[in-house]
Amino acid sequence: MFTAENDTPEILGFVIGKLMPAPEVYNPGGLTVIIDDFCVQSENLWQSVGARLIEEIKIPTQSKGATQILVVCGSHDNPKRKFLSEQNLSIASEWFVGGIV
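Each residue of the sequence shown is one higher than the last, beginning at 1 in full-length UniProt numbering.
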């Protein structure tokens, strides 16, 4: 899902999500929409474009049985983390990664 302002064809943000069964530890009572990629053109657009994208992806996924939203966000992405927190989302887990030697 992409969004642009009406008077310009410029893409201001996008969200990519898919429906999946939730891990049993979460048990939300339905499917989870996992948003693996979610970006806006500049950090000052989170409140407008970011909020619109989140709301626009909720509608079709909720009608397909989604009861929970999960958004991947790196620990370094402070503007996005702040925005997600303001959307009443909470941190459920963080991953540690490393190379395979």
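Quick reminder that beta carbons are idealized off the backbone N, C-alpha and C, glycines included.
In the structure shown, V101 adopts coil according to DSSP, grouped into three states. Secondary-structure assignment with DSSP links V72 through no beta bridge to anything.
DSSP places A22 outside both helix and strand once states are collapsed to three, so it counts as coil. DSSP, read as helix, strand or coil, puts F38 in strand. For L84, same chain residues with a beta-carbon under 8 Å away, outside a window of 5 residues either side, are V71 and C73 in chain order. Of the candidates A66, I11, P79 and K80, A66 places its Cα closest to the Cα of N27. Only exposed fits I16, as fewer than 16 other CB atoms lie within 10 angstroms of its CB.
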